[in-house]
Amino acid sequence: MGTRRRLFAILMLVCMLATLTVNPWEDSTAYADTINSPDKAEYLLDEDFSNLATSYEPNDIVPSGWDVKRAGGSISYSFNNWFKISDTSDVLPVSMNKKIRSQSSGTLTLEYRFKMPSVVNGVKWQLRSGATECVSLGVQNGSLVLEAGDAIHSLQMINANTEYGVKVIVNLDAKKVQTYVNGLLKAADKSFTHDVAVIDNFLVTTGDVTTGELFFAPVKIYKGYAVNEKFNATVQGPLPEDWQSQLNGGVIAVEKMDNSKPPDVFSLKMNATNAAGEMTIEKHVPSQEGKLIYEFKVFIPVKKDGFSAVLKNEDSTVFQWLTKDGKFAYKNASGQTVAFYDYIPNLWYHVKLKLNTVTGKADLYLNGKLKVEQIDIPLSSVNRVNFSIEGSNGGTMSLDDILLYHETAEPMDYVPAPVSVPSNGELVGTQACSLWREGST
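Residue numbers 869 to 1309, in the working numbering, belong to the letters of the sequence shown in order.
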């Protein structure tokens, strides 16, 4: 009997210690340890407003994850076509707010496009910390303006029924802002509207007094990309000003692709029909090294030799993709041209290169398929992205979705790669289809 009591007392003591150590009623979340990687490339907000849900009322659309206040009017959209905010009240606004993960350092980029059937003063687009504006753009007296501290900087006169693309680069460390409109630099090194420690939400709102309509899409917020050019913040017109070009009689311009799904309808076209020499575009970036990913999409209507895409370190070539003898090819470490794909003209292709500037190796993908692996490249960093057409080519090439960024490191406890199992009979296949995405992170 005494032994049983002693065992029972020991058991009770163990239970009490376990309760003190682990509280079963306390929320607990397990996070994977990650390997530190520089400047993780990611989208904090990625919204096209192209396919929206409806509530119980068929005309009551619901943009997922947005806090919409419609007291002053309504919102509406056409599937894969347009999105519109309508303000019909001279007392109350219509506003849309989207929370993003808090950002306290580094550089963020905000991109959006808008159009007004008639100019509506009082509209604002803001990056905020809680309810405090950090970066505020708005329409005042018929102009798009940037509010920087106590100063108002006029960026662009607004015309009715004209679309505008806006790109805002926000440096949270220096607390400075750069603003582009339709690809042209309009304001540089301007102060924040208010000095804040973090940015955690985006707001678009109409004015209290003015009424009218605002077509608005897309809106993107991203960070960590050395190059991210999808031409979302441009309209038909010249090459964005943060690129350099050499024309030699050719034409380089942002054009609308009528077969693209709105609102992502713009791409860059290089036309060498009248070029007397090589024509190029180039973007300079801070030196990048380590595990990098370089991507672009290319459209060539007629097979021609002499189209090229090059990663450089100053004037030295790190990697070159090109067209040669009617095929996609690359230059190897010895400078020889190696063909890897017999491409079809008049079709978009997605080219992707995974390179490691430390090991001097690269893998080349086309439309998501690995085509060439372990290509030898120089042990060199990258600070230039270059596209060119030879003067003798006389053809055209369209470009889109040009990206350069660091490859995201896997968590240290990431699930190991699957091990192939020998087949002894029937093969069983599976398919997966993702039909819904909630949120944008």
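Even for Gly, the Cβ is constructed at its ideal location relative to N, Cα and C.
Any idea which residues DSSP pairs residue i with across the strands?
i	result
ARG1252	HIS1152, LYS1180
VAL1038	LEU976, VAL1045
VAL1066	None, per the DSSP bridge assignment.
ALA1028	In DSSP, ALA1028 forms no bridge with anything.
GLN971	ILE1067
SER1011	GLN1008, MET1025
LYS1220	GLU1163, TYR1233
ASP1244	LYS1229
LEU920	According to DSSP, which records beta bridges pairwise, LEU920 is partnered with nothing at all.
VAL988	The partner list for VAL988 (beta bridge, DSSP) is empty, contrary to what the question assumes.
VAL1095	LEU1272
THR1074	In the DSSP output, where bridge partners are listed per residue, THR1074 has none listed.
ALA1016	ALA1019
GLY1033	ARG981
THR1185	LYS1180
Among the options, whose alpha-carbon lies nearest the alpha-carbon of residue i?
i	options	result
TRP1216	VAL1226, MET964, PHE1164, GLN1024	PHE1164
SER944	ALA921, ASN965, GLY933	ALA921
GLY1158	VAL1077, ASP1126, LYS1229, ILE1026	LYS1229
GLN1024	LYS1195, VAL1077, LEU1052	LEU1052
ALA1056	LEU1071, PHE917, VAL1038, ASN1009	VAL1038
LEU1136	LEU1267, TYR911, LYS937, VAL1296	LEU1267
HIS1310	ALA1028, TYR1032, GLN1046	The chain is shown only over 869 to 1309; residue 1310 falls outside these bounds and no answer can be derived.
TYR1048	ARG981, GLU1182, ALA1065, GLY1174	ARG981
LYS1054	LEU1005, GLY1203, ALA1143, ASN1292	LEU1005
ASN1100	SER1113, LYS1129, PRO931	LYS1129
VAL1072	GLU1001, SER1113, ALA1140, ASN1142	GLU1001
THR1264	ASP1173, VAL1186, VAL962	ASP1173
VAL1250	LEU1271, THR1102, VAL1003	LEU1271
GLY1017	SER1248, THR1061, GLY974, LEU976	THR1061
TRP908	ASP1183, ILE1243, VAL1296, TYR1273	Before going further, note that residue 908 is Lys rather than Trp in the sequence given. The option with the nearest alpha carbon to LYS908 is TYR1273.
ASN1069	ALA1019, LEU913, LYS1180	LEU913
SER972	LEU1040, TRP950, GLY940	LEU1040
ALA939	GLN1156, GLY1075, ASP1231	GLY1075
GLN1156	PHE951, ASN1181, MET1138	ASN1181
ALA1019	GLU1031, GLY1297, VAL936, VAL1003	VAL1003
Given a cut-off of 9 Å on the beta-carbon distance, is the pair residue i and residue j in contact?
i	j	result
LYS1189	ALA1201	Checking the displayed sequence, the identity of residue 1189 turns out to be Trp instead of Lys. Contact flag unset, no.
PHE1255	VAL1178	yes
VAL1036	LEU978	yes
GLU820	LYS1088	Nothing about residue 820 can be reported from this structure: the residues present for the chain run from 869 to 1309 only.
PRO1131	SER918	yes
GLU910	TYR1090	yes
ASN1029	MET984	yes
VAL1170	VAL1219	no
ARG1253	LYS1151	Residue identity check: residue 1253 is Val in the sequence provided, not Arg. The answer is yes: Cβ separation under 9 Å.
LYS1199	ILE1161	no
SER970	ILE1067	yes
LYS824	ASP1210	Here the chain comprises residues numbered 869 to 1309, so residue 824 is not present and cannot be evaluated.
GLY1033	THR1102	yes
VAL1186	ALA1094	no
TYR1246	SER1291	For the sequence presented, residue 1246 should be read as Pro rather than Tyr. Against a cut-off of 9 Å, the Cβ pair of SER1291 and PRO1246 comes out as no contact.
ALA1224	ALA1140	In the sequence as displayed, the identity of residue 1224 is Asn instead of Ala. No, these two residues do not count as a Cβ contact at 9 Å.
PRO1213	ILE1243	no
ILE1257	PHE1134	no
Which residue marks the beginning of the beta strand (DSSP E) containing residue i, and which one marks its end?
i	result
GLY1293	Where GLY1293 is concerned, there is no enclosing beta strand (DSSP E), given that its DSSP letter is neither H nor E.
TRP934	934–937
CYS1002	1000–1008
TRP1111	Per DSSP, TRP1111 belongs to no beta strand (DSSP E) and is neither H nor E.
ALA1201	Element bounds for ALA1201: n/a, residue is neither H nor E.
ILE1120	1119–1124
THR1205	1205–1209
PRO961	Looking at the DSSP string, PRO961 is not in any beta strand (DSSP E), and its letter there is neither H nor E.
MET1265	1264–1274
ILE1089	1080–1091
LYS1058	1052–1059
MET1138	1134–1139
GLN994	992–997
ILE953	950–955
GLY941	941–946
GLY914	The displayed chain sequence assigns Asp, not Gly, to residue 914. Residues 910–915.
message = Three Cβ pairs or more, each shorter than 8 Å: is that satisfied between the stretch 980–1000 and the stretch 1105–1112?
response = No: the two stretches stay apart, fewer than three of their Cβ pairs being nearer than 8 Å.
inquiry  = Using a Cβ distance threshold of 8 Å, determine whether the stretch 1136–1150 contacts the stretch 1112–1122, with at least three qualifying pairs required.
reply    = yes
message = Three or more C-beta pairs under 8 Å: does that hold for the stretch 973–993 against the stretch 1008–1025?
response = yes
message = Is it the case that the stretch 1072–1086 contacts the stretch 944–956, given that we only count it when at least three CB pairs across the two stretches are under 8 Å?
response = yes
request  = Pair every Cβ in the stretch 1121–1128 with every Cβ in the stretch 1219–1238, then say whether three or more of these pairs are closer than 8 Å.
outcome  = no
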